[in-house]
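Take any residue in the sequence shown, note its place counting from 1, add 8, and you have its number in the working numbering. Worksheet: the structure to be examined is printed underneath.
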Amino acid sequence: MLDTQDNTVIVTDRAARRIAQILAKDPEKSALRVSVSGGGCSGFQYGFELETDRGDDDMVIEKNGVQVFIDSVSLMYMSGSEIDFVDDLIGASFQVRNPQATAACGCGTSFSI
9 MLDTQDNTVI VTDRAARRIA QILAKDPEKS ALRVSVSGGG CSGFQYGFEL
59 ETDRGDDDMV IEKNGVQVFI DSVSLMYMSG SEIDFVDDLI GASFQVRNPQ
109 ATAACGCGTS FSI
């Protein structure tokens, strides 16, 4: 497991509540995995998927009884970020506020560093 002192990622209360609601509908899954991959309109994109097992290199964030997994490669791009859940006029989604991002697209799931 990685040292979370140097790789802080915050999960908001809103995000934790929404993760709990989603996991309640799929009891076979135990956490939300947040990842970064190449692609999207700004160079990198965030991925969100339900997960059953933690990977050996995952950082585990626990918030209000739910878990979020982030692998070590994704964590390099997400260090210092905040994961939130936003429900507004254009839709509901998980959003990552990433201080390392130098640009982001309008959808909030793609960024560049």
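Backbone N, C-alpha and C fix where the C-beta goes; we use that ideal spot for every residue, glycine too.
Could you tell me which of the options sits nearest to residue i, measuring between CA atoms?
i      : options                    : result
PHE102 : VAL42, VAL81, GLN75        : VAL42
GLU90  : LYS71, VAL81, ASP96        : LYS71
LYS37  : GLU59, MET84, THR16, GLN29 : GLU59
Please classify residue i: does DSSP put it in a helix, a strand, or coil?
i     : result
MET9  : In this predicted model, MET9 has a pLDDT of only 36, less than 50, meaning its place in the structure is not dependable; the value taken from the coordinates is given anyway. DSSP places MET9 in coil when its eight states are reduced to three.
LEU31 : helix
LEU97 : coil
GLU39 : Glu is not the amino acid found at residue 39; the sequence shown has Ala there. The answer is strand: DSSP assigns ALA39 an E or B state.
SER45 : strand
VAL81 : helix
For residue i, list the residues DSSP reports as bridge partners.
i     : result
ASP64 : ASP64 is not bridged to any residue.
Applying the criterion that 16 or more other CB atoms from any shown protein chain within 10 Å of the CB defines a buried residue, is residue i buried or exposed?
i     : result
LEU40 : buried
ILE78 : buried
ILE27 : buried
THR95 : Before going further, note that residue 95 is Asp rather than Thr in the sequence given. The residue is exposed, with fewer than 16 neighbouring Cβ atoms inside 10 Å.
ASP66 : buried
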